[in-house]
Amino acid sequence: MSDTPKSHGRKSIRATLQPRELITPTPELARAWKAQVITLLPQAFPGVLGESLTGRALKDGLWSLAPVDLRPFGEGKHRNVDDTPAGGGAGMVLRADVMGRAIDRAQDSAPRGAPLIYLSPRGRRFDQAMAQRLAQGPGVTLICGRFEGLDERVIEHYGIEEISLGDFVMTGGEIAAQAVIDACVRLLPGVLGNAESAVEESHSSGLLEHPHYTRPAEWQGRPIPEVLTSGDHAKVAEWRREMSERLTATRRPDLWDRHLKSQRDKA
Ligand SMILES: C[S@@+](CC[C@H](N)C(=O)[O-])C[C@H]1O[C@@H](n2cnc3c(N)ncnc32)[C@H](O)[C@@H]1O
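Mapping of the sequence shown onto the UniProt record's numbering: residues 1 to 267, in sequence order.
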């Protein structure tokens with residue numbers, strides 16, 4: 001098996017502007033946001049990222065994806081990637097030397113300045129602000145753990161940032177990696193059309209989004225709130241703001257407190 005990262009997306013993308021691309025009408029493609037994913041399950045990618053908006057953007061070259069298969073970096077005939085935990089205990093741990101080789105290989109083809117991130121339930125909780133920060137950079141190199149996770153020395157040696165999807169434990173980092181990539185890719189310029197603007201949605205303003213309605217006008221005896229069919233745009237905007245605030249205050253007091261504090265700081 002080859003250890004060359006298999007790339008999804010437009011084949012013409014390069015990390016730097018080459019002379020040929022300087023004369024193409026779309027040289028910005030050379031700087032497309034790049035996601036590299038170190039994983040024992042490279043076949044799980046692009047997965048759902050190959051569908052719908054993210055899939056179209058991948059085909060259009062707005063971003064690129066390079067899964068890096070961990071297995072070929074393994075030890076011995078069987079390419080072992082894990083071993084028993086030092087000090088005893090259940091489960092297996094991904095070996096530092098094996099992961100180190102995979103990271104070095106991935107770093108060779110990472111855009112300069114792309115952060116190295118380990119998906120981990122111990123990490124900082126992923127949120128929209130992180131997605132915005134990552135989407136504004138050149139890309140990410142994500143490490144998917146399996147078993148009990150990574151040898152700690154790898155995290156220390158490379159200064160790896162740990163990101164968690166939430167306070168629960170999954171069997172591996174692949175689903176978390178796809179969630180992080182999806183949240184970032186949809187913020188890249190040109191990925192969402194006007195119809196799917198990211199400006200007004202939940203978390204972009206620090207508040208949860210207002211409820212949505214569409215046809216039929218009445219369903220199961222439930223009509224659409226009258227204001228939404230009034231044609232009065234100012235009233236609709238006011239209703240949506242009120243609903244957004246009410247939902248945030250009742251469902252997420254933590255977000256609501258932060259919102260009130262930022263309003264006070266602005267005043
Ligand atoms: C079974 S988990 C390891 C859990 C680890 N022993 C612990 O208690 O923190 C295997 C891998 O799944 C991934 N994973 C599990 N839950 C996650 C979460 N909430 N967020 C991000 N990654 C997660 C991580 O990459 C982790 O290394």
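For every residue, glycine included, the Cβ atom is placed at its ideal position computed from N, Cα and C.
Under DSSP, residue 202 forms no beta bridge with any residue. A distance criterion of 6 Å places the beta-carbon of residue 180 beyond contact range of ligand 1, judged by its closest non-hydrogen atom. Scanning its chain for C-beta atoms nearer than 6 Å, with the 5 sequence neighbours on each side dropped, one finds around residue 46 the residues 8 and 65, in chain order. The C-beta separation of residue 32 from residue 62 comes to about 6 Å, placing the pair in contact by the 8 Å criterion.
Check the Cα spacing between residue 214 and each of 56, 254 and 224: the tightest is with 224.
In chain order, the residues that have a beta carbon nearer than 6 Å to some heavy atom of ligand 1 are 119, 120, 121, 122, 144, 145, 146, 148, 149, 164, 165, 166, 168, 169, 170, 171, 172, 173 and 176.
Boundaries of the beta strand (DSSP E) around residue 161: 161-164. Residue 209 is positioned such that its CB atom lies closer than 7 Å to that of residue 201. Within the model, the alpha-carbon separation for residue 228 versus residue 238 is close to 11 Å. In the structure shown, the three-state DSSP call for residue 181 is helix. With a beta-carbon spacing of about 5 Å, residue 94 and residue 150 fall inside the 8 Å limit used to define contacts.
Considered as a whole, the stretch 89-131 harbours 116-125 as its complete beta strand (DSSP E) runs of no fewer than 3 residues, in chain order.
Only residues of its own chain outside the window of five on either side were considered, and among them 121 have a CB closer than 8 Å to the CB of residue 169, listed in chain order.
At the C-beta level, residue 187 and residue 135 come within 7 Å of one another. If you check the CB distance, residue 166 and residue 146 do not come in under 7 Å. Using a Cβ distance threshold of 7 Å, residue 154 and residue 117 do not count as a contacting pair. DSSP, reduced to helix, strand and coil, places residue 57 within a helical segment of the structure shown.
In this structure, the CA atom of residue 58 is about 7 Å from the CA atom of residue 50. Residue environment: residue 199 is assigned as exposed (fewer than 16 neighbouring CB atoms within 10 Å of its CB, all protein chains considered).
Burial state of residue 84 is exposed, judged by a 10 Å Cβ sphere holding fewer than 16 other Cβ atoms. Residue 86 is classed as exposed because its beta carbon has fewer than 16 other beta carbons within 10 Å across all chains shown.
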